[in-house]
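>
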């Protein structure tokens, strides 16, 4: 861009200023005139161009061209003499040059406008257009072509058409020099097109070729649909006629055009009484929903009315049939209310059965009892199931106390009602009371509007299994005692007793007798719970059941892990027999599960090699027990407590004091762990 100085701000200077200001090739560096009110000076000020009254000030080296428009020859010669090597143009010549440039730029703008218009036309057309040069390289592709081919023009311009669209026949036209019309092609993306290929000539020589095409995928599909229309119509009629719901169809004037056999069955009206008749023909009581839908063009749902000579009560859903924006009629579906009520009753019954099945999953058939001790426990449980007595299941963690609770419920007269399980140690003390007994509206901040039922009410007429009963606080023990004595509860925040009919099954691995002696468990509650105690023996005292348990657990693990392990070898069973199983059946399941995880998918039986590294080597438990600082003398409870303390302390050390991981390793709840830390004064050690 060249800088121009205009000397003279009269009409001529103003005219040249206007022309140059519209040019992209020149920049007006300034305009000077002795008259500060000259037309050109005023215009320049409005345009932000520098002005002055002395051309010498503006004639520095940054000015490339000086146009003298004062008409004063003396001024012209002074400028020429003062600015050697600079282009100095008289105003008349500059004006002619400027006009020529203006005309040139006008022509360029017109050409650009026409080019843009033509490009806009080509880009706006619905047909795809692709142009190649004489070498078969793409030089143009419009938006429609981009969309149909699924490519962007900027990414393929300059590339051979054969590499971009392999199935294109456009390059072939360069060779044949002949037009191809309405050629059907299926592109790589599955779209079908109808294309015409036209060669382009320049002076008798082929300069390139253009392809014009359109997507006919939908048209082909529509043609196929029209071809199959009769078959589809027959299928639709068959579907409508096979439906158990009554269906009626009317045209846009409300005349019946189709009904199915279910319609006749429910309404008692035949085709002769409905087809061609107004939509009101079948109504005994109420207005025609067909006519309402035809008037509003909006569907209606769930409207009750009576239809037919029998005045059958039905629920009607009607929707308009609109084709290409035009209302063509309406279709109605009629449901027999009596059938709906029957189905609803069956659904409720099925849902109740599903809930029951989901709540209590096990029966006595699921309990393996090959030993005398376990057989006695099962027989006691079967006997207890036939009575309403409160049951206390006692045994170490992992012996299957919950399995017994499920089986007792399933064998009782309450099996068709809910079985609700609560782990008293797993729920925070602040929440346990409201969970068990429910709460009234406004009982505490965040209480639900209308209050909430507790688990005692949820289990009404069913069974409530309270696991880890020994972890209950004194306050909760008192509330549980009231339920057992009075058969009623009082919600949190309430005063009104609510009667409940619930069979309570409790379970604990704790020494309740010791807890009573230490004042940690209510004696009166203990005697209430201990009316039907069932002791479940530990696995180490019934090792003869290990083969049966292993087979049952392998089946369960196969389902859980998607495996197909068929059994366990005698060598592996021998290792399992020599182990002490302080974690009982739960630990056995853990060991078998880990063994199966590390087995190859081609291996069918658990062998001794699969148990390596799982801590089951002979004497493993004995070594651990020997390492514990257990007193040589004392009661069984004292020795067990000392051993338990050692186990907890070791687990804390192995987990770097992390209580959550320690509880998981020991197979107890976090709440139980906190209790035992306080009991054995290990809390400070765990913090360290």
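Residue numbers (UniProt numbering): 1 to 688.
Where is the CB? At the ideal position from N, CA and C, for every residue including glycine.
Of the choices 49, 464, 515, 339, whose alpha-carbon is the least far from that of residue 500?
Position 500 of the chain shown, counting from 1, holds the residue named residue 500. Ranking 49, 464, 515, 339 by Cα distance to residue 500 puts 464 first.
> Report the partner residues of residue 140 according to the DSSP bridge assignment.
The count along the chain shown starts at 1 and reaches residue 140 at position 140. The partner list for residue 140 (beta bridge, DSSP) reads 131.
> Looking at C-beta atoms only, is the number of pairs between the segment 478–494 and the segment 431–441 that lie closer than 8 Å three or more?
In this structure the segment 478–494 touches the segment 431–441; the number of beta carbon pairs closer than 8 Å is three or more.
> Could you tell me whether the segment 538–549 touches the segment 404–419, using the rule of 3 or more Cβ pairs below 8 Å?
no
> Can you confirm whether the segment 46–66 touches the segment 79–92 when touching is taken to mean that 3 or more C-beta pairs between the two stretches lie within less than 8 Å?
The segment 79–92, when compared against the segment 46–66, does touch it at the 8 Å Cβ threshold.
> Can you list, in chain order, the residues of its chain whose CB lies under 6 Å from that of residue 426, leaving out five sequence neighbours each side?
Here residue 426 refers to the residue found at position 426 when the chain shown is read from its first residue. Counting only Cβ-Cβ distances below 6 Å, and skipping sequence neighbours, we find 669.
> Less than 8 Å between the CB atoms is what I'm expecting for residue 579 and residue 616, so what's the real figure, rounded?
As a working note, residue 579 is residue 579 in the chain shown. As a working note, residue 616 is residue 616 in the chain shown. Yes, they are in contact, since the Cβ atoms of residue 579 and residue 616 sit about 5 Å apart, within 8 Å.
> Alpha carbon to alpha carbon, how far is residue 4 from residue 204?
Position 4 of the chain shown, counted from the start, is the residue given in the question as residue 4. Position 204 of the chain shown, counted from the start, is the residue given in the question as residue 204. Rounded to whole angstroms, residue 4 to residue 204 spans 49 Å at the Cα level.
> May I ask which residues mark the beginning and end of the beta strand (DSSP E) holding residue 521?
Taking the chain shown and counting its residues from 1, one reaches residue 521 at position 521. Run containing residue 521: none; DSSP gives neither H nor E here.
> Considering Cα atoms alone, identify which of 207, 474, 417, 257 is closest to residue 456.
On the chain shown, position 456 is the one that residue 456 refers to. Of 207, 474, 417, 257, the residue nearest in Cα terms is 417.
> For the alpha helix (DSSP H) containing residue 544, list its first residue and its last residue.
Here residue 544 is taken as the residue at index 544 of the chain shown, counted from 1. First-last for residue 544: undefined, no H or E at that position.
> Residues in its own chain within less than 6 Å of residue 156 by CB, not counting five upstream and five downstream?
The sequence position of residue 156 within the chain shown is 156, counting from 1. Excluding sequence neighbours, residue 156 sits near 138, 164.
> Under the DSSP definition of a beta bridge, which residues are partnered with residue 327?
Taking the chain shown and counting its residues from 1, one reaches residue 327 at position 327. BP columns for residue 327 point to 322.
> Can a CB atom of chain D be found closer than 8 Å to the CB of residue 373?
Chain labels in this structure do not include chain D; a single protein chain is all it has.
> Bridge partners of residue 256, per DSSP?
Working through the chain shown from its first residue, we reach residue 256 at position 256. Bridge partners of residue 256: 250, 275.
> Taking DSSP's pairing of strands, which residues face residue 506 in a bridge?
Residue 506 sits at position 506 when you count from the first residue of the chain shown. DSSP, once it has assigned bridges, lists 392, 466 as partnering residue 506.
> Does the Cβ of residue 723 have 16 or more other Cβ atoms within 10 Å, making it buried, or fewer, making it exposed?
No answer is possible for residue 723: it lies beyond the span of the chain, which begins at 1 and ends at 688.
> What span of residues does the beta strand (DSSP E) with residue 194 cover, start to end?
Along the chain shown, read from residue 1 onward, the residue named residue 194 stands at position 194. Unbroken beta strand (DSSP E) run through residue 194: 192–202.
> Hey, out of 673, 642, 260, 641, whose CA is closest to residue 652's CA?
By 1-based counting over the chain shown, the position of residue 652 is 652. Comparing C-alpha distances from residue 652 to each of 673, 642, 260, 641 shows the shortest one belongs to 673.
> Given a cut-off of 8 Å, decide if residue 505 and residue 395 are closer than it, judged by their beta-carbon atoms.
Taking the chain shown and counting its residues from 1, the one referred to as residue 395 is at position 395. Taking the chain shown and counting its residues from 1, the one referred to as residue 505 is at position 505. The criterion of a C-beta distance shorter than 8 Å is not satisfied by residue 395 and residue 505.
> Quick check for students: name the residue ranges of the alpha helix (DSSP H) that lie wholly in the segment 58–134, counting only runs of 4 or more.
73–82, 91–124
> Kindly give me the distance between the Cβ atoms of residue 397 and residue 584, rounded to whole angstroms, as I take these residues to be in contact under 8 Å.
Here residue 397 is taken as the residue at index 397 of the chain shown, counted from 1. Here residue 584 is taken as the residue at index 584 of the chain shown, counted from 1. Right, the Cβ-Cβ distance comes to about 7 Å (below 8 Å), so this counts as a contact.
> Our contact map puts residue 62 next to residue 29 with C-beta atoms below 8 Å; I'd like the distance itself, whole angstroms only.
The count along the chain shown starts at 1 and reaches residue 62 at position 62. The count along the chain shown starts at 1 and reaches residue 29 at position 29. About 7 Å separates the two Cβ atoms, so the contact holds.
> Which word fits residue 596, buried or exposed, when buried means at least 16 other C-beta atoms lie within 10 angstroms of its C-beta?
Here residue 596 is taken as the residue at index 596 of the chain shown, counted from 1. Its Cβ being crowded by 16 or more others within 10 Å, residue 596 is buried.
> Can you give the beta carbon distance from residue 211 to residue 170, rounded, assuming they're within the 8 Å contact cut?
Working through the chain shown from its first residue, we reach residue 211 at position 211. Working through the chain shown from its first residue, we reach residue 170 at position 170. Contact holds; Cβ gap of about 5 Å.
> Would you mind reading off the limits of the beta strand (DSSP E) that contains residue 29?
Locating residue 29 in the chain shown gives position 29, where the first residue counts as 1. That run of the beta strand (DSSP E) goes 26–32.
> Between residue 19 and residue 99, what straight-line distance do the alpha-carbon atoms span, to the nearest angstrom?
Numbered from its first residue, the chain shown carries residue 19 at position 19. Numbered from its first residue, the chain shown carries residue 99 at position 99. About 8 Å.
> If you draw a straight line from the C-alpha of residue 430 to the C-alpha of residue 475, how long is it?
Stepping through the chain shown from its first residue, residue 430 is reached at position 430. Stepping through the chain shown from its first residue, residue 475 is reached at position 475. Roughly 11 Å between the two C-alpha positions.
> Mind reading off the beta-carbon distance from residue 161 to residue 190? Whole number of angstroms is fine, and I expect it under 8 Å.
Indexing the chain shown from 1 puts residue 161 at position 161. Indexing the chain shown from 1 puts residue 190 at position 190. Not a contact, Cβ separation roughly 20 Å.
> When DSSP builds the beta bridges, which residues end up paired with residue 214?
The sequence position of residue 214 within the chain shown is 214, counting from 1. Residue 214 pairs with 194.
> Which same chain residues end up closer than 8 Å to residue 377 when comparing Cβ atoms and leaving out the 5 residues on each side of it in sequence?
The residue you call residue 377 lines up with position 377 of the chain shown. Hits under 8 Å: 369, 404, 534, 535, 536, 537.
> What does the Cβ neighbour count give for residue 110, buried or exposed, with the cut at 16 atoms within 10 Å?
Looking up residue 110 in the chain shown gives position 110. It is exposed - the Cβ of residue 110 has fewer than 16 other Cβ atoms within 10 Å.
> In or out: residue 320 buried (at least 16 other Cβ within 10 Å) or exposed?
As a first step, residue 320 must be located in the chain shown, where it is residue number 320. Classified as buried, residue 320 has 16 or more neighbouring CB atoms from the shown chains inside 10 Å of its CB.
> Just to confirm the assignment, what range does the beta strand (DSSP E) spanning residue 571 have?
In the chain shown, residue 571 corresponds to position 571, counting from 1. Taken as a continuous stretch (DSSP letters only), residue 571 belongs to no beta strand (DSSP E), being part of the alpha helix (DSSP H) at 570–578.
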